[in-house]
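Only one structure is covered here, and it is reproduced in the block below.
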Amino acid sequence: DKTALYFGMAANAFAAFKGSENKKLMSDKHVKSRYGGVGNQYAVTEILAFFISLPVMVATEGHMVGTYFKLFFDDYAVRFNLIASGMAFYLYNELATMTIKS
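Structure follows, in structure tokens:
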């Protein structure tokens, strides 16, 4: 099954697009002042990305939601690793956005 490969390739393409769009936004002084800083721009971008990807997640993995929640609440290692990887991903992207700014 090559589904993970295809979704990984799509995620990388969208991440590259997000980076280039963030750079364009931060070069516009009017947009930059309305956001109030790189952190706010990053937060808005992440919120939009979440809501845009939500229908895809529901369509492809919606039938597994019950299994996911059972595993998440029953297995400490899964819960810890999921939260830790999410925090690391968030920090990485926050730093990448701050790097684009400079």
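Last residue of the sequence shown: 102 in the numbering used here, with the numbers rising by one and none dropped. Don't be surprised by glycine CBs; every beta carbon is placed ideally from N, CA and C.
DSSP state of residue i, grouped into three classes?
i	result
GLY36	coil
ASP74	helix
LYS24	helix
LYS107	Not covered by the structure: residue 107. The range shown for the chain is 1 to 102.
LYS2	coil
Closest by CA to residue i, which one among the options?
i	options	result
LEU48	MET9, ALA84 and PHE14	PHE14
SER53	ALA11, THR99 and ALA16	ALA11
Please classify residue i as buried or exposed, where buried requires at least 16 neighbouring CB atoms within 10 angstroms.
i	result
TYR42	buried
ASN22	buried
VAL38	buried
If you scan the region 43–101 from start to end, which runs of the alpha helix (DSSP H) of 4 or more residues do you find wholly inside it?
65–74 and 76–101
Mind the definition here: the region 84–101 touches the region 12–31 only if three or more C-beta pairs lie below 8 Å; say whether that holds.
yes
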